[in-house]
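Scroll down for the structure; my scribbles are underneath it.
Chains as they are written, first to last, in UniProt numbering: chain A, 1 to 978; chain B, 1 to 122.
Below you can see the structure in the form of structure tokens.
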């Protein structure tokens, strides 16, 4: 049986399909080798059903008693059946032909069906066939050209038209070569030639062809000879396939590959591909950088070289890949780079498959873990630091889970609360809470709180430690939430406690001190507003006893009386028994709230009526300062406070005083003014027996100081007032003097003028008169010129008299006598020396008897004498002494004696004493005594003295009690100077 | 013969006094002002000074102090037209104070007294 090649078969089928005639191809045995379409259509039997079957399958033997295997050559009438079994009368023409015409073997037969009847409509409309056929050609995506044996184009489908751009009408019937000559390659032409004459089975060529549009394309041509049933070449068929597109596709693929490559290069992860031998076929830029591969010369790198574990590791990995279905992810290992440094990497490996699905290589993506690893180690280190820090922190650092149970409990918490972390793990913080605690308002007890909005909360609280001791703590708390969430996703709580117990205590002390200060301040303000000493002292005592003040039960104030040289009680405040205490102080508390109000109340009403008993006590206190054994006196002298506790039993307090006071437990504080003790402040707690501690005594000191300041201030104030009064008086006197002076000035001015006038007139008058007298004396009595001279003299005389009488304001130093009491005189003189006496330390004594007689003297002048002598005495006693004025009377003379205890006068100076201008002083005119003696003389008296150096001096001024009526007191007496 | 030093700024009066007192039998020197008088007093010895108060330059009161400062025993008689100086304490240091008059008898008397010649003589 003839064996057809594949192509041949295909071509045959094609021909059979496209043939317009119905025929069968039979081999020698009469087996059907092929059937044309028309025949198949006619019989409605498909090709596969016919092929391989004898002819008799359609030409049934019972219908055709003819030998059909093989069928006889030539025309024959047969009755054939179709699929449905319908009988069809048909005329056949059997033509034998040979496959291989040279050998004569392998005979084949073509049985043409020329005529048929009996199945109207079962045969196909040949027109339809034609149409179908044409459609078939036309719809081929391949261009098809068929020529007959002469090379004339008999078939030229539309795709061919499109490809070549030549219309079929232009080529049908034309000989091929002529048209293709210019275009087709030589090879193709040759092939065509051969196909036409010799026979070609499927020769392929590719060539480029520019169609009429100028588009350059590439074609694949397939040329085959068409061999008919008779075995002869009936024509050539060429198919043309446009393979330009695949070329474009290839370009596109290349472009895509480029893109991919670039993509691969930009990825930060290293990418390798390797073949099955482990040779690296591709690596991207990141791989280059990671491992330093760029510096490798051309050469093969084995992927095994990269692994730290070398080849063995690579092989192991391949096994893994196998086991894991060709993909291994996140395999951590180390690569070694070109310098041998180890690079930590995480690998994802995958197998690559070839066309037939076999493993063709591996692809490996390596992520550099270097900095991740570094980060990891940093984090671990920081975590370690943090953990160490938390553990060692002196503060308690506690974390709780979302239920409030202890999660972590650090060393600080152990030290602070005394519970270990094992004991506290999983426990609530309840055991730290105080049941009730008297904490100040500043903080609330037992708070363990967290802010609801997840922020950090600071507050102060107190909690108990294991031993039940209360700790004052500063707390910082926060909730721990999931990342970025609000507090609704609480994963736990953190609270840090800091022990501020000590600080809190100090703050408390400070606050107490501030309270104290403000109390003192209140008192001071109250005191400063008052001037009355009693009021002030009373206020001080209130401060000592009031609850808002020091809160002592009773207070006593004692002051030193210098005259009596004793400590005497001055003022006291306090109840005498508990009932009274209750009444008094509840009243006070009801009425007054602040110290200020109490003071005001005291000022207006005085609490004396409530304090009768204590005041009785205090008025009976009289302790001589000589009693140095007495603790009060000691405190006074030593200026030291004493805190007496159970004085009688301890022997530190005298029995009698304790009886008087009613207690032997009290505080004694001295009141010191300018380094001198001026009194004592006593305070006790007789009623409530509250012990008096150091602090209370210290506070009492504050009050004692207040008292001293106020006493001093009060004294100063009084003396100031007195001084002011003195000054006022002096001022008044001064004013008076000034007025007198002004008056005198006026007179004096006038007098001065008059004096000037008198003076001017007098001098010439003296000349006139003097010379006139001279002339008068020289002239003889009978001389009439004498008379003229006498007249001149008389006139001058008259003028002089006039001057004397009217124009002169003679102030007479003639004494004007009045009866005066000598004692008064002395007293008045003392008064004139008031200021000087006060400044000095001189004791004056006026011993002049009240029953002294009155003496007739010029009071101003005698006062002047006394003043002079007194001044001298004062000057003789610069450090102080005594000045005693006494008197004696003998006959008609009254003597005033002035004695001093001064430095005395030297013998040698005695005689010159009354001399004018004599003085031993550095200042002074030295005329005082001279004038004094003149005055005394003009009174008809005498002045004398006796003195002893270092002991004193006595002056004696003797005056007649009565001045003689006819005594002419001539102020021009000779001075007793010699 | 007693020597007198008469100090007066009026030239006429100096002449008058010189004449009169020389007639009385004294030796008289005159000075026109205190400075002149003082320097004369230093050079010569005098038994008595008659001193005017109102003088140019140093006045008689100050001069009085100066004279007495040098010799506190020297008799000084103030002879002045001023009467108010009579009460001036400085003038009390002088032996006497005479108000100038055309009648020189008082002055002459005082001189005599001061020199201890006679107490009362008119």
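Glycine residues also receive a C-beta, built at the ideal position from the N, C-alpha and C atoms.
Considering Cα atoms alone, identify which of the options is closest to residue i.
{"i": "residue 850 (chain A)", "options": "A:463, A:641 and A:888", "result": "A:888"}
{"i": "residue 188 (chain A)", "options": "A:259, A:221 and A:847", "result": "A:221"}
{"i": "residue 714 (chain A)", "options": "A:374, A:962 and A:532", "result": "A:532"}
{"i": "residue 79 (chain B)", "options": "B:110, B:73 and B:65", "result": "B:110"}
{"i": "residue 675 (chain A)", "options": "A:696, A:712, A:471 and A:165", "result": "A:712"}
{"i": "residue 31 (chain B)", "options": "B:107, B:18 and B:94", "result": "B:18"}
{"i": "residue 868 (chain A)", "options": "A:935, A:201, A:633 and A:840", "result": "A:935"}
{"i": "residue 406 (chain A)", "options": "A:432, A:381, A:382 and A:392", "result": "A:432"}
{"i": "residue 73 (chain A)", "options": "A:93, A:284, A:364 and A:79", "result": "A:93"}
{"i": "residue 38 (chain A)", "options": "A:690, A:18 and A:228", "result": "A:18"}
{"i": "residue 495 (chain A)", "options": "A:210, A:961, A:398 and A:643", "result": "A:398"}
{"i": "residue 338 (chain A)", "options": "A:641, A:321 and A:307", "result": "A:307"}
{"i": "residue 557 (chain A)", "options": "A:708, A:519, A:464 and A:451", "result": "A:708"}
{"i": "residue 245 (chain A)", "options": "A:856, A:932 and A:163", "result": "A:163"}
{"i": "residue 31 (chain A)", "options": "A:15, A:769, A:687 and A:69", "result": "A:69"}
{"i": "residue 159 (chain A)", "options": "A:60, A:138, A:637 and A:865", "result": "A:138"}
Mark residue i as exposed unless 16 or more other C-beta atoms lie within 10 angstroms of its C-beta, in which case mark it buried.
{"i": "residue 136 (chain A)", "result": "exposed"}
{"i": "residue 739 (chain A)", "result": "exposed"}
{"i": "residue 21 (chain B)", "result": "buried"}
{"i": "residue 374 (chain A)", "result": "exposed"}
{"i": "residue 1 (chain B)", "result": "exposed"}
{"i": "residue 117 (chain A)", "result": "exposed"}
{"i": "residue 860 (chain A)", "result": "exposed"}
{"i": "residue 730 (chain A)", "result": "exposed"}
{"i": "residue 366 (chain A)", "result": "buried"}
Measuring only the C-alpha atoms, how far is residue i from residue j?
{"i": "residue 985 (chain A)", "j": "residue 282 (chain A)", "result": "Limits of chain A in this structure are 1 at one end and 978 at the other, which puts residue 985 (chain A) out of reach."}
{"i": "residue 224 (chain A)", "j": "residue 112 (chain A)", "result": "25 Å"}
{"i": "residue 412 (chain A)", "j": "residue 453 (chain A)", "result": "28 Å"}
{"i": "residue 460 (chain A)", "j": "residue 403 (chain A)", "result": "23 Å"}
{"i": "residue 360 (chain A)", "j": "residue 370 (chain A)", "result": "31 Å"}
{"i": "residue 272 (chain A)", "j": "residue 312 (chain A)", "result": "18 Å"}
{"i": "residue 544 (chain A)", "j": "residue 645 (chain A)", "result": "19 Å"}
{"i": "residue 437 (chain A)", "j": "residue 516 (chain A)", "result": "Residue placement at residue 437 (chain A) is poorly supported in this model, since its pLDDT is 49, which falls under 50; the coordinates still yield a value, given next. Using only the alpha carbons, I get a separation of about 25 Å."}
{"i": "residue 723 (chain A)", "j": "residue 670 (chain A)", "result": "30 Å"}
{"i": "residue 719 (chain A)", "j": "residue 839 (chain A)", "result": "15 Å"}
{"i": "residue 662 (chain A)", "j": "residue 510 (chain A)", "result": "36 Å"}
{"i": "residue 913 (chain A)", "j": "residue 907 (chain A)", "result": "10 Å"}
{"i": "residue 37 (chain B)", "j": "residue 798 (chain A)", "result": "33 Å"}
{"i": "residue 33 (chain A)", "j": "residue 23 (chain A)", "result": "11 Å"}
{"i": "residue 23 (chain B)", "j": "residue 777 (chain A)", "result": "12 Å"}
{"i": "residue 122 (chain A)", "j": "residue 44 (chain A)", "result": "In this prediction, residue 122 (chain A) scores a pLDDT of 44, lower than 50, which makes its location untrustworthy; the coordinate-derived value is nonetheless stated afterwards. Straight-line Cα distance between these residues: approximately 8 Å."}
{"i": "residue 15 (chain B)", "j": "residue 858 (chain A)", "result": "42 Å"}
{"i": "residue 317 (chain A)", "j": "residue 301 (chain A)", "result": "17 Å"}
{"i": "residue 219 (chain A)", "j": "residue 252 (chain A)", "result": "19 Å"}
{"i": "residue 815 (chain A)", "j": "residue 940 (chain A)", "result": "11 Å"}
{"i": "residue 572 (chain A)", "j": "residue 614 (chain A)", "result": "6 Å"}
For residue i, return the contacting residues in chain A, with the cut-off set at a CB-CB distance below 8 Å.
{"i": "residue 31 (chain B)", "result": "None at all; the shortest Cβ gap to chain A is about 17 Å."}
{"i": "residue 13 (chain B)", "result": "763, 766, 767 and 770"}
{"i": "residue 42 (chain B)", "result": "Those within 8 Å of residue 42 (chain B) in chain A number zero; the least Cβ separation is about 18 Å."}
Find the residues of chain B that neighbour residue i, judging by a C-beta separation of less than 7 Å, and give them in chain order.
{"i": "residue 983 (chain A)", "result": "Since the first and last residues shown for chain A are 1 and 978, residue 983 (chain A) lies out of range."}
{"i": "residue 771 (chain A)", "result": "16"}
{"i": "residue 800 (chain A)", "result": "101 and 102"}
{"i": "residue 765 (chain A)", "result": "102"}
{"i": "residue 903 (chain A)", "result": "Within chain B, no residue comes near residue 903 (chain A); the closest Cβ sits about 25 Å away, beyond 7 Å."}
Using a C-beta to C-beta distance shorter than 9 Å, which residues of chain B count as neighbours of residue i?
{"i": "residue 865 (chain A)", "result": "Correct list: empty, because the minimum Cβ distance to chain B is about 13 Å."}
Give the residues of chain A in contact with residue i, contact being defined as C-beta atoms less than 9 Å apart.
{"i": "residue 10 (chain B)", "result": "763, 764, 766 and 767"}
Can you pull the chain B neighbours of residue i, defined as C-beta to C-beta under 8 Å?
{"i": "residue 796 (chain A)", "result": "102"}
{"i": "residue 774 (chain A)", "result": "16, 19 and 20"}
query: Whole beta strand (DSSP E) runs in the stretch 761-824 of chain A with 3 or more residues, listed along the chain?
result: Taking only runs of at least 3 residues, the beta strand (DSSP E) segments lying wholly in the stretch 761-824 of chain A are 818-820.
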